[in-house]
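Trainee:
Numbering (the working numbering), first residue to last: 22 to 209.
This is the structure we're talking about:
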C-alpha cells in the first residue's frame with residue numbers, strides 16, 4: 022500500500038512538473054485563476070455601486086441603511102471600490118460622500134450635490150435662487166426658524182462659496198454665486 026501511494030505521488034509530481042511551463046506561459050500572457058470564494062462580497066459591491074450611481078453624493082450612513090450592512094463591513098467594501106477606481110470619495114465639512122468615478126461630476130457639481138443633501142441648506146438655496154427672499158430676516162420668517170439658524174447656514178454656504186453676500190448699510194442680501202448657478206439649477 023505504501024508503494025502504491027509512493028507511485029501515485031511520483032505520477033502526480035511529474036504531471037505538476039509538466040504543467041508548470043503551461044501555467045507560467047498563461048501567467049505571462051495575463052491569464053489568472055479567478056477566486057470565486059468572494060462572490061458574496063462582489064455582489065455587495067455591485068449593489069453599493071448601483072446605489073452610489075443612482076444617489077450621487079450619498080454618505081456611509083445612507084448606504085448602510087439601504088443595504089442593511091454594518092459600517093465596518095461597508096467601509097471595507099467602499100475602500101475596495103475606490104481601489105478599483107469605480108467610485109471616489111469627496112469630503113464635505115468632515116462628512117465623506119461618494120460619487121461614481123468616471124469624470125461624471127466636476128468639482129463644482131460635487132460641491133453643489135454635497136451641500137444640497139442637507140434639507141435646510143436646500144430650502145435656503147431654493148429661496149435665494151428663485152428670489153422669494155434673500156435677507157436673513159426674510160429667510161427666517163419664510164422658513165420658520167430663528168435668524169441665528171439662518172445665519173449659521175448662510176455662513177456655511179458663504180464658506181463653501183455657493184452664495185455671496187452684499188451689504189448695503191445694515192441690510193445684508195444674499196445671491197447665488199454665478200460660478201455655481203448652472204450646477205444649482207441642474208440639481209434643484
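Where is the CB? At the ideal position from N, CA and C, for every residue including glycine.
#1: Give the DSSP-derived three-state secondary structure of residue 125 in the structure shown.
#2: Note down, one range per segment and in chain order, each beta strand (DSSP E) of at least 3 residues found wholly within the region 81-168.
#3: Would you identify the three-state DSSP class for residue 195, choosing helix, strand or coil?
#4: Going along the chain, which residues of its own chain have a beta-carbon closer than 6 Å to the beta-carbon of residue 194, five neighbours each way excluded?
#5: Buried or exposed: residue 104, going by 16 or more other Cβ atoms within 10 Å of its Cβ?
#6: Pick out whichever of 203, 84, 86 has its Cα sitting closest to the Cα of residue 150.
#7: Residue 208 and residue 145: beta carbons closer than 8 Å?
Mentor: Taking the structure as given:
#1: coil
#2: 108-113, 116-121
#3: strand
#4: 155, 156, 187
#5: exposed
#6: 203
#7: no
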